[in-house]
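For reference, the structure discussed in these notes is given below.
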Amino acid sequence: MERSKSFEGKIKKFGSLVSPFSTITRKPNRYSVVCEAAPKKKADSAAKRDRQAKKRQIYNKAKKFQVKTRMKKVLEALDVLRKKPEAQAKEIYQLRN
Numbered sequence: 000m001e002r003s004k005s006f007e008g009k010i011k012k013f014g015s016l017v018s019p020f021s022t023i024t025r026k027p028n029r030y031s032v033v034c035e036a037a038p039k040k041k042a043d044s045a046a047k048r049d050r051q052a053k054k055r056q057i058y059n060k061a062k063k064f065q066v067k068t069r070m071k072k073v074l075e076a077l078d079v080l081r082k083k084p085e086a087q088a089k090e091i092y093q094l095r096n
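So for the sequence shown, numbering that gives the first Met the number 0 puts the first residue at 0; every next one is plus one.
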């Protein structure tokens with residue numbers, strides 16, 4: 000019973016805030032969902048250019064080191080042939096490949 004009295008007391012307090020002529024109506028919960036069909040966003044061209052530049056830089060650096068290494072080996076082999084008095088055609092041909 001005490002619960003109902005406290006409940007009634009709360010209702011009376013609430014009722015004093017609301018004018019006696021107004022009725023409390025509960026609005027139904029209605030939600031609107033908005034969907035926009037947008038085309039897929041293209042990648043940022045500056046970011047793409049940056050990614051491509053990094054890939055090319057790595058590729059070019061690798062090729063550059065391959066060429067340097069091959070040139071170094073050829074030059075070392077030529078020095079050995081210069082020091083050798085009897086260089087044969089077979090040895091020179093192998094250096095070309």
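Idealized CB from N, CA, C, for every residue including glycine.
Straight-line Cα distance separating residue j from residue i
i   : j   : result
V33 : K39 : 18 Å
E85 : E75 : 17 Å
A45 : Q56 : 16 Å
V79 : K60 : 29 Å
K63 : R69 : 10 Å
L77 : Y58 : 29 Å
R48 : K54 : 10 Å
V66 : V73 : 11 Å
Reference residue i, options the options, closest by Cα
i   : options          : result
D43 : A37, Q51 and R25 : Q51
Buried/exposed call for residue i, threshold 16 Cβ in 10 Å
i   : result
M0  : Residue placement at M0 cannot be trusted, given a pLDDT of 48 that sits under 50; the coordinates are not used to answer.
R81 : exposed
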